[in-house]
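Visitor:
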Amino acid sequence: MKSNFFKFFTLIAFITFSSCGDKAKEANTTETKDAAVAKSSSTSYNVNTEKSTIEWQGSKPTGTHNGIISLSAGKLNTSDGSIVGGKFIIDMSSIVVQDIPAEEEGNQKLTTHLKSDDFFDVESFPNAIFEVTDAKDVEGKLMLSGNLTIKDKTNNISIPVKLSSTDDSTITLTSEKFTIDRSKWHVKYGSKSFFEDLGDKFISNDIELKINVVANKI
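Under full-length UniProt numbering, the very last position in the sequence shown is 218; numbers go up by exactly one each time.
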């Protein structure tokens with residue numbers, strides 16, 4: 001009996017440890033900074049909005065939801081294989097829920113709720129914006145920093161990314177999975193940062209994101 005209990009405890013500890021290890025790190029978040037100004041000698045690329053997406057995942061004690069958001073416009077400037085400027089416009093009305101089949105009532109219910117003033121208030125704030133402020137190599141990783149505006153709040157975040165090119169006219173910018181603390185952008189619904197006595201009815205402040213941007217040379 002003791003042996004079985006020990007094995008069970010070891011299994012639980014292993015699963016817990018593995019889950020913690022797999023959790024995406026929160027982006028370093030600071031006050032806003034001046035936008036990067038690209039030199040005229042840099043190469044400019046327009047974001048291909050049909051091929052670019054932002055993956056998202058939110059969680060609560062009973063499970064997770066995930067989906068994608070589209071970009072409506074954007075530009076990247078590069079020089080010597082690094083990012084020297086750029087700006088993305090994120091179309092918040094394009095929020096898609098993927099973990100619930102589109103034909104099910106729950107899909108539309110969740111999508112509508114995310115767009116409501118409980119969360120992102122898309123009617124008042126149809127766009128989120130990411131504007132590049134810096135990019136530098138940190139311990140072998142390219143760290144991209146930018147001012148992220150959601151609703152009426154802007155913070156600067158730094159995230160690890162990879163910049164690659166498939167040919168002379170196309171580049172791809174891909175981030176590692178990272179999280180932002182939505183409470184820092186005043187997204188309050190179900191947040192323990194704003195409401196007490198939520199019990200197990202709370203929704204995690206962490207939103208996991210992954211950026212996939214394809215851009216074509218101008």
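Glycine included, every Cβ here is placed at the ideal spot set by N, Cα and C.
Which residue marks the beginning of the alpha helix (DSSP H) containing Asn-107, and which one marks its end?
Guide: 105 to 115 is the extent of the alpha helix (DSSP H) around Asn-107.
Visitor: Do Thr-43 and Asn-77 have their C-beta atoms within less than 8 Å of each other?
Guide: yes
Visitor: Who are the near neighbours of Glu-55 in its chain, counting only those whose CB is closer than 6 Å to its CB and skipping five residues on each side?
Guide: Ile-68 and Lys-210
Visitor: Hey, Ile-90 and Asn-127: beta-carbon distance below 8 Å or not?
Guide: yes
Visitor: Is Ile-203 closer than 8 Å to Tyr-189 when the C-beta atoms are compared?
Guide: yes
Visitor: Going straight from the alpha carbon of Thr-172 to that of Thr-166, what length do you get?
Guide: 8 Å
Visitor: Taking 8 Å as the cut-off, does the segment 26 to 33 touch the segment 151 to 158 (at least 3 CB pairs, one atom from each stretch)?
Guide: yes
Visitor: List the residues that DSSP assigns as beta-bridge partners of Ser-165.
Guide: Ile-171
Visitor: For residue 224, count neighbouring C-beta atoms within 10 Å of its own C-beta (all shown protein chains included) and say buried if the count is 16 or more, exposed if not.
Guide: Since the displayed the chain opens at 1 and closes at 218, residue 224 lies outside it and no answer follows.
Visitor: Taking Ile-83 and Leu-148 to be in contact with their CB atoms under 8 Å, please state how far apart those CB atoms are, rounded to whole angstroms.
Guide: At roughly 15 Å, the Cβ-Cβ gap does not stay under 8 Å, so Ile-83 and Leu-148 are not in contact.
Visitor: Is Phe-120 near Val-187, with beta carbons less than 8 Å apart?
Guide: Closer than 8 Å, so yes.
Visitor: With distances taken Cα to Cα, identify the nearest neighbour of Ala-215 among Lys-87, Ser-145 and Ala-24.
Guide: Lys-87
Visitor: Confirm, please, whether the CB-CB distance from Gly-58 to Ile-150 is below 8 Å.
Guide: no
Visitor: So, using beta-carbon positions, are Ser-93 and Lys-115 closer together than 8 Å?
Guide: Yes, these two residues count as a Cβ contact at 8 Å.
Visitor: Answer with buried or exposed for Ala-135, where buried requires no fewer than 16 other C-beta atoms within 10 angstroms of its C-beta.
Guide: buried
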